[in-house]
Amino acid sequence: MDAEQLRENAHKMVDFIADYYKNIETFPVLSQVEPGYLQKLLPDSAPMQPESLQAVLQEVESAILPGVTHWQSPDYFAYFPSNSSVAGFLGEMLSAGINMVGFSWITSPAATELEMIVLDWLANLLNLPQHFLSKGPGGGAIQGTASEALLVVLLASRDKVLRQVGKDALRRLVVYGSDQTHSSLQKACQIAGVHPENLRLLRTERCNEYALSPESLTDAISHDVASGLIPLFLCATVGTTSSTAVDPLLALGKITKRYGIWFHVDAAYAGSACICPEYRHHLNGIEEADSFNMNCHKWFLTNFDCSALWIKDRNALIQSLSTNPEYLKNKASQGSTVIDYKDWQIPLGRRFRSLKLWMVLRLYGVENLQSYIRNHIKLAQHFEHLVAQDSRFEIVATRTFSLVCFRLLPSNKTEEYVNKLNHDLLDAVNSSGKIFISHTVLSGKYILRFVVGAPLTEERHVIAAWKLFQEAASSLLENS
């Protein structure tokens, strides 16, 4: 790599990205292209000779950006956020520049040790139990996504139990969650070999704010034990995808302890809010958990991907995932004085992800991160207030963080009609290109999800979005 060539081209790339952010509000938030559009715009084969960066960037502008859904747009209110920031970008840039593969301590000591330090910092901000810190029996590791985090702890729990009862018991293992638990639990079970019939997604009710009921969990476990099955794993959630429901961790944790069940807590989205003292109570009971994850790339200004996982007993994870071929052996690893993160994850290779999280914490500081979270929640409260003032709409679930669940509810109409109407409302606002939202279904009702979480979102964007909903609703009702 030529240093001066890097300097010249990197300046051009930074300028391009800066202009993208400067003009991001001019793009349709949801891409308006049709499937297969790009095949028609790009050649069938790679160029035989090098092309200029300028030519490539021109094609990015003309061909790629029209096919991008702009997650960083201030008018993006769908799914959950995927935050970006100057600090996160700089950390990602530095990581790409160093370009190391830190699967063991010796391959890059700084990568391993910075990851331990920065996850201890974050654990302390969340007031996590001491056993989750690197100096205790457990520790933290950055995974790519919450799905990966969930998979590795499920594998650890599976192998821990099978070592006790024998490998032939695999078909008797049972995993528990709720009907609001993220779909990654189902995928993790498929990979881990848990029989599909042994995944219990327990029903939740609106009267309990769609949180997992300790009573229903106890009943399910008791029935499974009586049937000769082995309760293995519970995934509780702080901030479910559909409605940001919060499962009662303390009560659930006591149940899992009674039955010897691995207790995992998924706070992929809402974990970030718990650095604010007024939201920390949602993690009460985390001391009972065997593992815990949150996605720094969702709502913590850290560019994708960066999913933080903490585990109570690192040996359970290492025993399940460790491999030690001759070509990876070294004095440091053999001495058992260092952490080799290859044994805490599925792949061997791993990126220097901790750099961007470290940059975010250093360049923004805790108080600014707390203010950032609080501002989004304040904007969501404002949107919720606007919805509540319009009698044509209904708030469907209690707002806990920055997600508002609502729907258009005309009087004297069937549920089928109302669901179709809200589906049409979603299509109308999204096809406008002015905003992008997503939906869910709760208790058979088609629900609109409005999530405030994009870094550039201001009050004016929330107000404009609400006006768009009102106008689209008026048009639909007039023509129905």
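Under full-length UniProt numbering, the first residue of the sequence shown carries the number 1, and numbering increases by one thereafter.
Positions of the beta carbon are idealized from the N, C-alpha and C atoms, including for glycine.
*Closest Cα partner of F469 within the set R258, I435 and I318*: For this step, residue 469 is matched to residue 469 along the sequence shown. Nearest of R258, I435 and I318 to F469, Cα basis: I435.
*Answer yes if the stretch 31 to 45 comes into contact with the stretch 14 to 23, meaning at least three C-beta pairs across the two stretches below 8 Å, and no otherwise.*
no
*Boundaries (first-last residue) of the beta strand (DSSP E) holding V153*: Here residue 153 corresponds to residue number 153 of the sequence shown, with the count starting at 1. No beta strand (DSSP E) holds V153; the alpha helix (DSSP H) holding it covers A146 to V165.
*asked:* Quick check: I221 and Y259, are their CB atoms within less than 8 Å of each other?
replied: Within the sequence shown, numbered from 1, the residue matching residue 221 stands at position 221. Within the sequence shown, numbered from 1, the residue matching residue 259 stands at position 259. For I221 and Y259, yes; Cβs fall inside 8 Å.
*Enclosing alpha helix (DSSP H) for V462 [first to last residue]*: Counting from 1 along the sequence shown, the entry for residue 462 is found at position 462. Its alpha helix (DSSP H) spans residues E459 to E478.
*Y210 lies in the alpha helix (DSSP H); which residues open and close that run?*
On the sequence shown, position 210 is the one that residue 210 refers to. It is not in any alpha helix (DSSP H) - Y210 carries neither H nor E in the DSSP assignment.
_With H, G and I counted as helix, E and B as strand and the rest as coil, what does DSSP make of W71?_
Mapped onto the sequence shown, residue 71 falls at position 71. Note: W71 maps to coil in three-state DSSP.
*In three-state DSSP terms, what is Y176?*
Here residue 176 corresponds to residue number 176 of the sequence shown, with the count starting at 1. In the three-state reduction of the DSSP assignment, Y176 falls in the strand class, which pools E and B.
*asked:* Helix, strand or coil, according to DSSP, for C235 in the structure here?
replied: Taking the first residue of the sequence shown as position 1, residue 235 is located at position 235. Note: C235 maps to strand in three-state DSSP.
*What are the start and end residues of the alpha helix (DSSP H) that includes S354?*
On the sequence shown, position 354 is the one that residue 354 refers to. It spans S354 to Q389 - the alpha helix (DSSP H) in which S354 sits, taken as one unbroken run.
*Alpha-carbon to alpha-carbon, L128 and M13*: Residue numbering aside, residue 13 sits at position 13 when the sequence shown is read from its first letter. Residue numbering aside, residue 128 sits at position 128 when the sequence shown is read from its first letter. When rounded, the distance between both Cα atoms is 40 Å.
*Nearest-angstrom Cα distance between D168 and V161?*
Here residue 168 is taken as the residue at index 168 of the sequence shown, counted from 1. Here residue 161 is taken as the residue at index 161 of the sequence shown, counted from 1. Distance between the alpha carbons of D168 and V161: 11 Å.
*Are the stretch 243 to 263 and the stretch 185 to 201 in contact at 8 Å, needing three or more beta carbon pairs?*
no
*Could you pull out every unbroken beta strand (DSSP E) segment of at least 3 residues lying fully inside the stretch 53 to 119, listed in chain order?*
none
*Going straight from the alpha carbon of Q349 to that of Q143, what length do you get?*
Working through the sequence shown from its first residue, we reach residue 349 at position 349. Working through the sequence shown from its first residue, we reach residue 143 at position 143. The amino acid at residue 349 is misidentified as Gln; the sequence shows Gly. Between G349 and Q143, the C-alpha separation is close to 12 Å.
*In whole angstroms, what separates the C-alpha of T398 from that of L442?*
The residue you call residue 398 lines up with position 398 of the sequence shown. The residue you call residue 442 lines up with position 442 of the sequence shown. Distance between the alpha carbons of T398 and L442 is about 12 Å.
*Residues that DSSP places opposite A141 in a beta bridge*: Counting from one through the sequence shown, the residue named residue 141 turns up at place 141. L309.
*Determine the contact status of L369 and L301, defining contact as a CB-CB distance below 8 Å.*
Here residue 369 refers to the residue found at position 369 of the sequence shown. Here residue 301 refers to the residue found at position 301 of the sequence shown. Cβ atoms of L369 and L301: closer than 8 Å.
*Would the beta-carbon of N293 fall within 8 Å of that of A472?*
Position 293 of the sequence shown holds residue 293. Position 472 of the sequence shown holds residue 472. Cβ atoms of N293 and A472: not closer than 8 Å.
*Give a yes or no on whether the minimum CB-CB distance between Y327 and chain D is below 8 Å.*
In the displayed structure, chain D is absent; only one protein chain is listed.
*R314 and P47 look like a contact to me (Cβ under 8 Å); what is the Cβ gap, rounded to whole Å?*
As a working note, residue 314 is residue 314 in the sequence shown. As a working note, residue 47 is residue 47 in the sequence shown. With 8 Å as the limit, R314 and P47 do not qualify as a contact, their Cβ atoms being about 48 Å apart.
*Does the beta-carbon of G228 have 16 or more other beta-carbons within 10 angstroms, so that it is buried, or is it exposed?*
As a working mapping, residue 228 is identified with position 228 in the sequence shown. With fewer than 16 Cβ atoms within 10 Å of its Cβ, G228 is classed as exposed.
*Inter-residue CB distance, Q186 and L199 (contact presumed, cutoff 8 Å)*: Residue numbering aside, residue 186 sits at position 186 when the sequence shown is read from its first letter. Residue numbering aside, residue 199 sits at position 199 when the sequence shown is read from its first letter. Cβ atoms of Q186 and L199 come within 8 Å of each other, at about 6 Å.
_S134 versus I339, S411 and F352, residue with shortest Cα-Cα distance_ = Locating residue 134 in the sequence shown gives position 134, counting from the first residue. Here the closest residue by C-alpha is I339.
*So, P74 versus V451, is the Cβ gap smaller than 8 Å?*
As a position in the sequence shown, residue 74 is number 74, starting the count at 1. As a position in the sequence shown, residue 451 is number 451, starting the count at 1. In terms of Cβ geometry, P74 and V451 do not form a close pair [threshold 8 Å].
*Expected contact under 8 Å - CB spacing of I373 and D343 to nearest Å*: As a working note, residue 373 is residue 373 in the sequence shown. As a working note, residue 343 is residue 343 in the sequence shown. In fact, because the Cβ distance is near 33 Å, the residues do not count as touching under 8 Å.
*Hey, could you find the ends of the alpha helix (DSSP H) T256 is sitting in?*
Locating residue 256 in the sequence shown gives position 256, counting from the first residue. Looking at the DSSP string, the run of the alpha helix (DSSP H) that includes T256 is L249 to Y259.
*Same chain only: Cβ atoms within 6 Å of L234, ignoring 5 sequence neighbours per side*: Locating residue 234 in the sequence shown gives position 234, counting from the first residue. So the list reads Y176, T256, I261 and F263, once near-sequence residues are dropped.
*From which residue to which residue does the beta strand (DSSP E) around L202 run?*
Here residue 202 refers to the residue found at position 202 of the sequence shown. Looking at the DSSP string, the run of the beta strand (DSSP E) that includes L202 is L199 to L202.
_Assumed close pair S402, A380 - CB separation to whole angstroms, cut-off 8 Å_ = The residue you call residue 402 lines up with position 402 of the sequence shown. The residue you call residue 380 lines up with position 380 of the sequence shown. The Cβ separation is near 4 Å, so the contact holds.
*Do Y422 and L408 have their CB atoms nearer than 8 Å?*
Locating residue 422 in the sequence shown gives position 422, where the first residue counts as 1. Locating residue 408 in the sequence shown gives position 408, where the first residue counts as 1. It is Asn, not Tyr, that sits at residue 422 in the sequence shown. Against a cut-off of 8 Å, the Cβ pair of L408 and N422 comes out as a contact.
*Nearest-angstrom Cβ-Cβ length linking V360 and S178, presumed shorter than 8 Å*: In the sequence shown, residue 360 corresponds to position 360, counting from 1. In the sequence shown, residue 178 corresponds to position 178, counting from 1. That belief does not hold up - the Cβ atoms of V360 and S178 are roughly 32 Å apart, past 8 Å.
*Close-in-space but distant-in-sequence residues of the same chain around R280 (CB under 8 Å, 5 per side omitted)*: Residue numbering aside, residue 280 sits at position 280 when the sequence shown is read from its first letter. Excluding positions up to five away in sequence, the list reads L126, N127 and C274.
*asked:* So, with DSSP's three-state summary, where would you put F132?
replied: On the sequence shown, residue 132 is found 132 positions in, with the first residue counted as 1. Three-state DSSP puts F132 in a helix.
*Pull up the distance between the alpha-carbon of Y364 and that of E51, whole angstroms please.*
One-based indexing of the sequence shown puts residue 364 at position 364. One-based indexing of the sequence shown puts residue 51 at position 51. C-alpha separation (whole angstroms): 38 Å.
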